[in-house]
Amino acid sequence: MLDRDTIVGPLQTSVQRRLDDLARSVDLADREQAADLAAREIPLLVEALRATLATHAPDARGHCPVCRSRTSRLLFRRRGRTPCRAYLAAQLSLGPAIEDVVRPRTKHLRRRRTASLSPLG
Numbered sequence: 252m253l254d255r256d257t258i259v260g261p262l263q264t265s266v267q268r269r270l271d272d273l274a275r276s277v278d279l280a281d282r283e284q285a286a287d288l289a290a291r292e293i294p295l296l297v298e299a300l301r302a303t304l305a306t307h308a309p310d311a312r313g314h315c316p317v318c319r320s321r322t323s324r325l326l327f328r329r330r331g332r333t334p335c336r337a338y339l340a341a342q343l344s345l346g347p348a349i350e351d352v353v354r355p356r357t358k359h360l361r362r363r364r365t366a367s368l369s370p371l372g
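Under the numbering used here, the first residue of the sequence shown carries the number 252, and numbering increases by one thereafter.
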């Protein structure tokens, strides 16, 4: 049977080298070449990211099956509401539009605390 490192190592090296080549090509290209490169490569990168995120699609309870399996070994660990690592990394890399996705829940909690601290309630 093949050792995991004999498959994963070269694969990771190949992917990293390809990404380095793309970044270098954009730096060295003029405007027209950069536009051609973007037209060819951006759809491929989007598809690669979508395929990666598809493996991290949340289940019916909203948990990532890939990231959850890493922590499932700890049987009595209570799982907090943490985002999937892959989606979090993608969001942080793509930009600051997370306010559109995550709504703060502090208003509701503040209302509940205020009601319980009220002398009338």
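Don't be surprised by glycine CBs; every beta carbon is placed ideally from N, CA and C.
Option in the options with minimal Cα separation from residue i
i: C335; options: G346, P347, D310; result: D310
i: T303; options: Y338, T264, L345; result: Y338
i: R269; options: E292, R319, I258; result: E292
i: L273; options: A285, A340, T264; result: A285
i: L345; options: G313, Q267, R301, A280; result: R301
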